[in-house]
Amino acid sequence: MGRRRSWVIGAELLMALTLWGFIGLGDLSDQLTPLLYMYFLHNCFASLQDVCTDAMAVDLLPDDEQGQMNGMMWGSKLVGKAGGAWALSYVINWGGIEACVWVQVALLAVIMLVPLLFLERPGERRLPWSAGSAQGDNTSSVRSPIAAIQETFKALTLPTLAVYVVFTLVKLLGTGINEVVVNTLYIKQLGWSDLDFTTASGLYTLPLLILGTFFGGMLADRFGRRLILTVGYGGFAVAAIGFSLSPQLWDRYWFALTYLLAFETLAAIGSVGFLSMAMRISWSTAAATVFTVYMTLSNVSHVVGNWLAGPVRRITTGYAESSGLVGSEAELMSYQLTIGLAGLITLPALLLLLRVRTSEVDAAAGPRADGEDGDTGHDELTDAPSGLEDGQMDPIE
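Just remember that this note's numbering sits 41 ahead of the position in the sequence shown, which is counted from 1.
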């Protein structure tokens, strides 16, 4: 059935079971403990599905398709997240939490048809009792967890991967802070309702997210992953700083909406570049595990960024009050400083990308199974195809 396909199917089944656990609980405010346990279990199985899907992508995708496919994968995730939040908010208002759960279970059943109908590799079993056999070079060997850990640490000791680990840990601090602060700013200070905000950040962003992630993935393959990373996260930094310097325009709907759309779209483009680069530099026989490490650290960066929003807001509010401002004026300056800081702390992280070199990974990995010596047709500074004909000299070298 493939090394990872069965795990994806199993994770989705268990996600559906944990959702069913919400049905019949009654008033959830009186069932906080079982709600917490089921929420925890559901997210464990959701994480298992993510890890298996990412590992499958690392295993199956050739280098020249990683950017575009990462764009499609990440775009699909964001579309599901944004569209789901918007649509399910209406379902809850219409039929309550149980109706929302039934809709999610039905969606999971539909999604599960994909790994049921499609195989990892031709010739593998569709189901345990079906005809077929294991395919691929690595499917016959199952390594011990200790060997996988050793290979993972071996890969991460390479300077390029170590630098990318640091980048991964800091890249989402700014966007995480901005995400929380913008939500409270729009609803508590600018007078937006919850439905207004979810409609704007969900429904209105969908076309931009689709275009941004799809073309971002294509451009990553064409012009380089590093460039798309810089455009995405660098663009967010510039937008956040610009927004923080224009508080007189915040109460104008078009300006506030433009920043919300720009923030969501640029962050998505940066994520596409990040995933594509992480997949590209994941090497050794534990490449899928290395990629999973990057995904995990990226989530840590996001969570820490969300958490930092509170302390940073308290510090900036204290600074505003020490400057003689009170009430709404102090609040306004606090939001202004916090959003500006979110943009500023994103910029230094991009400098780390100058030390991320795919050629170093190719040299460490050695010749590939197909006899080629790695991604030698790529410009080292841009990570893009150099476009040089045979016999021409690379100007970078």
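We put the beta carbon where it would ideally sit given N, CA and C, even for glycine.
Sorting G346, P352 and R396 by C-alpha distance to the C-alpha of P200 places R396 at the top. Of the residues assessed, L77 falls on the exposed side of the cut-off, its CB having fewer than 16 other CB atoms within 10 angstroms.
When the five nearest sequence neighbours on each side are left out, the beta carbons in the same chain lying within less than 8 angstroms of the beta carbon of L244 are those of A123, G124 and W127, in order along the chain. T387 sits in coil when the DSSP states are folded into three classes, being neither helix nor strand.
Apart from sequence neighbours up to five positions away, the residues of its chain that approach D100 with a beta-carbon distance below 7 angstroms are A329, ordered along the chain. Ranked by how close their Cα comes to the Cα of T399, the residues Y300, T225, R355 and G265 have G265 in first place. In this structure the region 347-354 lies against the region 371-384, because at least three pairs of beta carbons, one per stretch, are closer than 8 angstroms. Taking every protein chain shown into account, the CB of V207 has fewer than 16 other CB atoms within 10 angstroms, so this residue is exposed. Rounded to the nearest whole angstrom, the C-alpha separation of G384 and T193 is 33 angstroms.
Following the DSSP letters along the chain, one finds Q90 inside the alpha helix (DSSP H) bounded by residues L73 to L101. Ranked by Cα distance from M110, the first of S363, K229, L316 and N340 is L316. When the alpha-carbon of G121 is set against those of T246, L102, G65 and L268, the nearest one is in T246. Here R162 carries a coil assignment [DSSP, helix/strand/coil].
Counting only residues of its own chain and dropping the five nearest sequence neighbours on each side, L391 has a CB closer than 7 angstroms to the CB of T271, Y274 and G275. F304 has its alpha-carbon roughly 28 angstroms from the corresponding atom of N134. About 23 angstroms separates the CB atoms of L388 and T254; that is not less than 8 angstroms, and the two are not in contact. Residues L60, F63 and I64 of the same chain have their beta carbon placed closer than 7 angstroms to that of V142, with the five preceding and five following residues left out of the count.
Contact between I269 and G314 holds: CB atoms are separated by about 3 angstroms, below the 8 angstroms threshold. Annotated as proximal: M56 and A87, with beta-carbon spacing under 8 angstroms.
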